[in-house]
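Asker:
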Amino acid sequence: MGLDPETEDVLRNASEEEIVDLAAALGFSSIMNQVQYWDSVKNSGQSLEGGFTATAKSELIKAMADEPPNPTDLNDSIRRLESDAADLQDLNLNNLREISGQDWDRLWTALGKNTKLKKLQAANCGLTDAKAAGLLTALETNKTLETLCLDSNILTGPYIVKLFSAIGNQGRIRELRLSNQRQRVFGVQIEMEILRLVGENETLIRLGIDLQIAEAKVRVQDRVQRNMDKATRLARAS
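Numbering (numbering that gives the first Met the number 0), first residue to last: 0 to 237.
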């Protein structure tokens with residue numbers, strides 16, 4: 000179907016900028032480059048490098064300030080854990096990558112006996128299965144820890160299974176973060192074992208973990224959501 004003479008005349012005499020704006024208004028983004036499209040949407044005028052054959056360029060990278068170093072004094076924190084300091088309820092070790100295996104062992108031993116700490120964060124600490132072995136024993140005896148974050152470490156699938164087993168259904172750990180481990184794919188057997196252990200847990204209300212199998216992802220999420228709903232009902236009733 001042809002255009003009427005008046006419309007053809009308008010288009011014939013329109014500038015390239017006007018045609019680009021018209022294409023944006025009509026949703027014909029596929030015939031424009033990204034710079035032209037977004038300039039039109041924002042009504043900010045055409046780029047000096049506009050034109051249908053112009054190359055779309057990304058925006059300049061904005062410099063972001065580096066994350067400040069973690070100021071936590073490790074030795075002091077371990078001493079306070081060992082002395083069961085009442086004011087140490089949240090210990091943040093995130094990004095401390097120079098912790099020795101011996102210091103990890105001291106920390107886990109202190110954690111196992113501690114009765115005050117509620118939140119432990121140890122993301123991006125270079126934690127391996129060997130360095131984190133003492134945590135499994137600590138979780139079997141610790142009675143107060145509620146939140147544990149181990150994101151962005153080097154923990155393997157078999158260790159994570161042991162971790163869920165150590166947590167069990169003891170009614171304490173409510174939030175567990177295990178995303179972004181170096182081993183990205185755990186495998187069917189490991190993920191199904193994680194699914195089984197999470198399915199038996201009635202306490203976890205927040206869980207961060209990277210699973211690949213659709214069934215495991217859905218059922219783990221469903222279990223955690225049911226735990227959350229139950230906790231909400233109990234809180235409202237109290």
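Glycine is no exception: its CB is placed at the ideal position from the N, C-alpha and C atoms.
Give the DSSP bridge partners of Asp89, in chain order.
Answerer: In the DSSP output, where bridge partners are listed per residue, Asp89 has Lys118.
Asker: Please classify Glu7 as buried or exposed, where buried requires at least 16 other C-beta atoms within 10 Å of its C-beta.
Answerer: Answer is exposed; the Cβ neighbour count stays below 16.
Asker: Please list, in chain order, all residues of the same chain as Leu134 whose beta carbon is under 7 Å from its beta carbon, the five residues on each side excluded.
Answerer: Correct list, in chain order: Trp107.
Asker: Between which two residues does the alpha helix (DSSP H) holding Thr140 run?
Answerer: Unbroken alpha helix (DSSP H) run through Thr140: Ala132 to Thr140.
Asker: I'd like to check one pair, Arg218 with Gly198: are the Cβ atoms closer than 8 Å?
Answerer: Result yes, Cβ atoms of Gly198 and Arg218 sit closer than 8 Å.
Asker: Please classify Ala137: is it buried, with 16 or more other beta-carbons within 10 angstroms of its beta-carbon, or exposed?
Answerer: Its Cβ being crowded by 16 or more others within 10 Å, Ala137 is buried.
Asker: Hey, how far is the Cα of Leu119 from the Cα of Ala230?
Answerer: Spanning the two alpha carbons is a distance of roughly 22 Å.
Asker: Taking the alpha-carbon of Ala84 as reference, which of Asn113, Arg11 and Glu192 has the nearest alpha-carbon?
Answerer: Closest by alpha carbon: Asn113.
Asker: If you draw a straight line from the alpha carbon of Val160 to that of Glu145, how long is it in whole angstroms?
Answerer: So the two alpha carbons sit approximately 19 Å from each other.
Asker: Looking at Gln180: is its Cβ nearer than 8 Å to the Cβ of Leu196?
Answerer: Contact: no.
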